[in-house]
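Heads up, the thing below is written out as structure tokens.
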Ligand code: LLP
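Residue numbers (our numbering): 4 to 420.
This is the structure we're talking about:
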């Protein structure tokens with residue numbers, strides 16, 4: 004890709020960077036809204052609820068925006084529970100997924116009365132029974148099935164193969180339903196799956212749905228009522244030219260087809276699809292450097308701000324903001340300032356020639372960008388803004404040094420445990 008227009012949703016990016024500094028996450032509110040509306044439209048006619056996967060982008064303003072469009076939340080930690088509640092999401096619209104929930108997390112979720120637990124192990128099921136009984140309540144739960152399907156995505160984000168830590172085999176799940184009477188404080192009446200993320204082909208989804216549907220029918224035939232099926236998230240997006248992301252309607256049709264005849268409630272847990280393409284990471288060129296073999300474009304954003312390229316070799320389009328007319332094209336290794344060779348956003352990427360001070364946008368950064376950021380190298384967490392109709396709102400201020408070190412103490416108070 005070449006040059007990127009100088010504005011985003013009518014907000015001048017150079018002016019924005021001058022005011023708010025860089026690196027800066029910029030999210031388009033209309034783009035997020037149009038995605039969730041498209042998904043809702045695709046699911047029309049089904050009794051389906053959207054449970055946004057908070058992990059993709061848990062900023063409270065983003066959560067509020069999605070909640071205003073009717074989304075609930077899919078959470079995987081006590082922290083995400085608090086985020087969802089703070090954003091005003093009703094506890095009933097929260098589903099708690101996750102493979103290693105602690106007693107404390109389960110107990111808090113019970114205390115606030117979340118809608119559903121997605122259970123991934125026998126130990127977790129027992130813990131839920133014990134904790135719900137102690138509270139004198141009945142927890143509503145689904146079992147996360149591991150359908151043993153290859154999602155054909157990056158190995159680090161593939162979750163539905165038998166070798167992965169996620170979910171339980173159907174045989175084990177069946178035994179849980181059969182022994183339901185042993186766990187009077189758990190109403191196990193749902194099925195859940197999530198086979199992986201950034202799925203560009205719907206075929207593995209269809210196959211997993213087919214397996215889950217067969218299991219649902221077998222359970223019903225054996226007298227176990229299934230009132231909820233959660234098909235997980237995973238819908239992929241287009242990060243680069245040539246990639247074709249599945250369409251929401253095709254996805255909904257796959258669900259309709261596989262689960263035809265199911266009259267209970269359907270849940271979907273998309274994260275990335277709703278927010279990835281709505282966001283960019285605005286960063287400034289610190290310097291250009293000609294190495295012996297390669298030319299480096301050094302940005303003021305690093306792997307601590309956007310980890311995906313380092314962790315998954317993920318591709319993100321990187322564009323120079325503003326007019327690029329007349330600039331020759333150069334192949335850059337686009338890197339950050341962090342002291343690791345892995346702090347590389349792109350290798351030998353052809354771009355218009357850039358100079359120190361230029362603004363560059365890393366696209367497709369709305370999902371798993373800010374939410375995976377760290378303060379490695381003592382770099383403050385980037386600010387985040389939402390843009391819409393020529394205006395912007397700061398939805399997370401740039402982390403101050405004081406905020407970064409808050410909680411750290413000199414070792415002057417020695418105690419015995
Ligand atoms: N539900 C469950 C149970 C999940 O584990 C996930 C994502 C989702 C829903 C949402 O998946 P999505 O619709 O966003 O694909 N950090 C990685 C992605 C990890 C996804 C983990 N689980 C990345 O940057 O590509």
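Where a beta carbon is used, it is the ideal one built from N, C-alpha and C, also for glycine.
Computed from a predicted structure; not experimentally measured.
Check	Outcome
Residues near residue 255 by beta carbon distance below 6 Å, same chain, minus five either side	45 and 46
Counted within 10 angstroms of its Cβ, other Cβ atoms place residue 224 as buried (16 or more) or exposed	exposed
Beta-carbon proximity of residue 13 to residue 325, cut-off 8 Å	no
heavy atom of the ligand LLP below 7 Å from residue 197 C-beta	yes
Assumed close pair residue 363, residue 288 - CB separation to whole angstroms, cut-off 8 Å	6 Å
Beta-carbon proximity of residue 257 to residue 209, cut-off 8 Å	yes
Residue 249 and residue 205 closer than 8 Å at C-beta	yes
Supposed close pair residue 365, residue 300 - CB separation, criterion 8 Å	That pair is no contact at about 12 Å.
For residue 386 and residue 400, the rounded distance between their alpha carbons	5 Å
Residue 22 versus residue 152: straight-line alpha-carbon distance, rounded	48 Å
Presumed contact (8 Å Cβ cut-off) between residue 352 and residue 337, rounded CB distance	6 Å
Assigned exposure category for residue 140 - 16 Cβ within 10 Å defines buried	exposed
Every unbroken alpha helix (DSSP H) inside the region 286 to 356 [4 residues or more]	311 to 315
Beta-carbon spacing of residue 57, residue 35 below 8 Å	no
Residue 215 CB to nearest heavy atom of the ligand LLP below 7 Å	no
Cβ-based neighbour list, residue 354, same chain, cut-off 7 Å, excluding 5 preceding and 5 following	321, 323, 332, 333 and 335
For residue 408 and residue 178, the rounded distance between their alpha carbons	49 Å
For residue 404, the first and last residue of its enclosing alpha helix (DSSP H)	404 to 408
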